[in-house]
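Position 203 of the sequence shown, counted from 1, bears residue number 210 in my numbering, the numbering being contiguous throughout.
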Amino acid sequence: MTAPLVRRSPTHPAKVVAAVDLTPRMRRITLRTESMRGIELRPAQDVELLLREPSGRRVKRRYTIRHARPDAGELDLDVLLHGSGPGSHWGATARPGDEVEFQGPRGKLELRPAPWHLLVGDESALPAIAAISAALPVDEPALALIEVGDESDHLPVDHADVHWLHRGTASAGGPDLLAAALEDLDLAGLAGLPGRGYLMGESRAMVALRAVLEGRGIAHDAIFVKGYWNVGRPDRLAGRAPSRQPLPDRAHDVSG
Ligand SMILES: Cc1cc2nc3c(=O)[nH]c(=O)nc-3n(C[C@H](O)[C@H](O)[C@H](O)COP(=O)(O)OP(=O)(O)OC[C@H]3O[C@@H](n4cnc5c(N)ncnc54)[C@H](O)[C@@H]3O)c2cc1C
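Here it is, written out as structure tokens:
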């Protein structure tokens, strides 16, 4: 089911060849680079863009490879326009002809066979959820719970039975909406079967949701947890946890 792992690679120069609005808050940026020609990727691998803050300081921001066209050396990145950080700014302003560098592909998620899969996350993980869901075998059912602002954030997700959760004007990044929906989720004939869980989104929210998934019968070791961003903190501080609040369990944060 999975291609051989592509190891982290040197910095790749790429050119933006297309930029289109998918929704009012999600923009698809297509990159082309010779070094991605013929590459084999796993679902939801990502690249680390080398960007600059307004001060000129170099920063890295990670974006999921939503689609790859290895024959053309092209990658589609779906960038959430959530604010004014360097990643969001790049997504909002990238134009065909722009140049950008990235490292990667990164990410070690291996899809393993299971009787069912439960994909959970916020809109920053929508590209990953869609990529993973589309890669699952047709005979392995998937449920997806995706928290977004409102209906205008919806995007197609193949294969999975998707439950969209609208936070409206509430702040992004809390676990409550997803937790309540997970507790109420009708598992019908799937309960009791050894499913796999995937949690991708705001770091502390995803940690909190792990216990909820375990409460729904998914084994601790069958849950993949990946923090994608941290409330109130730019990404350059990701991985540095305040002393009393642990970031995701790195033993299960296996996407690199
Ligand atoms: C493996 C991986 C794959 C990812 N794939 C994608 C992807 O495909 N598409 C995508 O859009 N993002 C993706 N992300 C998340 C993205 O890297 C972060 O959201 C990143 O912080 C965005 O950088 P920024 O410069 O826009 O904001 P930053 O400078 O990092 O942060 C500025 C402010 O914005 C807030 N913020 C950051 N991200 C969000 C958010 N999503 N929602 C609300 N507030 C936010 C921060 O708390 C901070 O206050 C991925 C992350 C990882 C680790």
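Glycine included, C-beta positions come from ideal geometry on N, C-alpha and C.
- Its chain contains 154, 172, 174 as the residues whose beta carbon lies nearer than 6 Å to that of residue 184, once the 5 sequence neighbours on both sides are disregarded; these appear in chain order.
- Distance from the CA of residue 221 to the CA of residue 130, rounded to the nearest whole angstrom, comes to 23 Å.
- No Cβ-Cβ contact shorter than 8 Å links residue 66 with residue 111.
- By the neighbour-count criterion, in which 16 or more other beta carbons inside 10 Å mark a residue as buried, residue 210 falls on the buried side.
- Restricted to the segment 80 to 130, the beta strand (DSSP E) segments that are unbroken, complete and at least 3 residues in length are 81 to 87, 106 to 113, 124 to 129, listed in chain order.
- The distance from the Cβ of residue 149 to that of residue 170 is about 11 Å, inconsistent with a contact at the 8 Å cut-off.
- Counting the other CB atoms within 10 Å of its CB gives residue 37 a total of 16 or more, which places it among the buried residues.
- By the CB criterion at 8 Å, residue 98 and residue 44 fall outside the cutoff.
- In the three-state reduction of the DSSP assignment, residue 20 falls in the strand class, which pools E and B.
- For residue 141, the CB contacts under 7 Å within the same chain, skipping 5 residues up- and downstream, are 165, 166 in chain order.
- Look at residue 87: its beta carbon is less than 7 Å from one of the heavy atoms in ligand 1.
- At least one heavy atom of ligand 1 falls within 7 Å of the beta-carbon of residue 238.
- Rounded to whole angstroms, the separation of the alpha carbons of residue 132 and residue 71 is 8 Å.
- When rounded, the separation of the alpha-carbon atoms in residue 61 and residue 139 is 34 Å.
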